[in-house]
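Below is one structure, written out as structure tokens; the observations come after it.
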Amino acid sequence: MLKRMWNMNYSNSVKPKGNRIVNILIFIGLMLLVSSPTIVASSIIYSVVNHVSLWIIIGITIIGIIWTIFMMWLFRWYYHKKSYETHQHRFRLKDILINILWFIALRITIGIFSLIMQSVYNDSTSENDKILLNRMEQLSNLSVSSVIGLLFFLIVIIFVAPYLEELLFRGIFKETIFRQTAFLLPLIISSVIFSSLHGSTNWISFLMYMALGMCFYMVYNRRKNLKDSMMVHMLNNAMAGIAMVIMVFT
66 MLKRMWNMNY SNSVKPKGNR IVNILIFIGL MLLVSSPTIV ASSIIYSVVN HVSLWIIIGI
126 TIIGIIWTIF MMWLFRWYYH KKSYETHQHR FRLKDILINI LWFIALRITI GIFSLIMQSV
186 YNDSTSENDK ILLNRMEQLS NLSVSSVIGL LFFLIVIIFV APYLEELLFR GIFKETIFRQ
246 TAFLLPLIIS SVIFSSLHGS TNWISFLMYM ALGMCFYMVY NRRKNLKDSM MVHMLNNAMA
306 GIAMVIMVFT
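Numbering-wise, the sequence shown is residues 66 to 315 according to my numbering.
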């Protein structure tokens, strides 16, 4: 009886649109592009540190803004074209509070993994965070160029990166490759891929980012709503952004 019910649910489950192999190849292509705004932001910081002309900095920033907007449009357009979920969800106070609780749980998870890394490797900072912090440490003076670089970098890290990563790793990955009822497999695989792109140099750091990916997926899966996981992801990245600003100004 239970097996028959499961088979009925599986057969009635909505399939991804289009050819699955093609969808996987497109996902891989988008995966190569997802970090491009962050790379552009880092190149602006690099140019500032190497005392490149202000006008060149402004030019690179304008190109970076245009490219970033195009990436956001491309990812969003493709997701809405292929998605089988409804996108009419509204944020209620209850949803915001639940997302804040997820954010708190996320920070506790990061704290636990950081303590484990400290005890095992005598280092509580992941390689990805070190790279981001190193970018900020290079801004020794607050010139016009450095302010431009800092603002663009923070906007990308806090808002753009979570937006693109949630569209790709939670939305596009799940809804173009797996059936609507699938849960465990996309949860695990998407979290492994998410972690692998965050520059982990030890297994604890890898597990930490995998746990973050799983948390983001659970947030998305609650209402099948990417706005929820984007909110939690942005709050998490904002913590790193605040730390960077404090470091620059002190």
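Even glycine gets a Cβ: it sits at the ideal position worked out from N, Cα and C.
{"Item": "Distance CB(K122)-CB(S256) smaller than 8 angstroms", "Value": "Note that residue 122 corresponds to Ile in the displayed sequence, not to Lys. No; because the gap between Cβ atoms is not below 8 angstroms, this pair is not in contact."}
{"Item": "Any beta strand (DSSP E) of 3 or more consecutive residues that is wholly inside the segment 228-275", "Value": "none"}
{"Item": "V212 vs I269 beta-carbon contact at 8 angstroms", "Value": "no"}
{"Item": "Spatial distance of S261 from I181 (CA atoms)", "Value": "19 angstroms"}
{"Item": "Residue of L216, F238, Q183, I175 minimising C-alpha distance to M273", "Value": "I175"}
{"Item": "Assigned secondary structure, R316 (DSSP; H/G/I helix, E/B strand, else coil)", "Value": "Because residue 316 is not part of the residues shown, which for the chain are 66 to 315, the question remains open."}
{"Item": "The segment 241-255 in contact with the segment 131-138 per 3-pair CB rule at 8 angstroms", "Value": "no"}
{"Item": "At least 3 beta-carbon pairs within less than 8 angstroms: the segment 141-154 vs the segment 276-286", "Value": "no"}
{"Item": "Residue interval of the alpha helix (DSSP H) (run including F224)", "Value": "Careful: F224 lies outside any alpha helix (DSSP H) and carries neither H nor E."}
{"Item": "Distance, G94 Cα to V87 Cα", "Value": "11 angstroms"}
{"Item": "Enclosing alpha helix (DSSP H) for L139 [first to last residue]", "Value": "119-147"}
{"Item": "Contact under 8 angstroms by Cβ, L232 with M309", "Value": "no"}
{"Item": "V87, enclosing alpha helix (DSSP H) - first and last residue", "Value": "85-98"}
{"Item": "Sub-8 angstroms separation of N302 and I223 beta-carbons", "Value": "yes"}
{"Item": "Assigned secondary structure, D188 (DSSP; H/G/I helix, E/B strand, else coil)", "Value": "coil"}
{"Item": "Same chain only: Cβ atoms within 7 angstroms of T126, ignoring 5 sequence neighbours per side", "Value": "I109, I213, F217"}
{"Item": "Backbone CA spacing between F314 and Y144 [nearest angstrom]", "Value": "39 angstroms"}
{"Item": "Selected residue, minimal CA-CA separation from M279, among V297, T266, G264", "Value": "V297"}
{"Item": "Nearest-angstrom Cα separation, counted from F248 out to L162", "Value": "24 angstroms"}
{"Item": "Outcome for R235 when other beta-carbon atoms lying within 10 angstroms are tallied against a minimum of 16", "Value": "buried"}
{"Item": "Where T103 falls, given that 16 or more other Cβ within 10 Å makes a residue buried", "Value": "buried"}
{"Item": "Distance CB(Y228)-CB(M295) smaller than 8 angstroms", "Value": "yes"}
{"Item": "Range of the contiguous alpha helix (DSSP H) that encloses T151", "Value": "Here T151 belongs to no alpha helix (DSSP H), and DSSP marks it neither H nor E."}
{"Item": "Residue interval of the alpha helix (DSSP H) (run including V114)", "Value": "101-114"}
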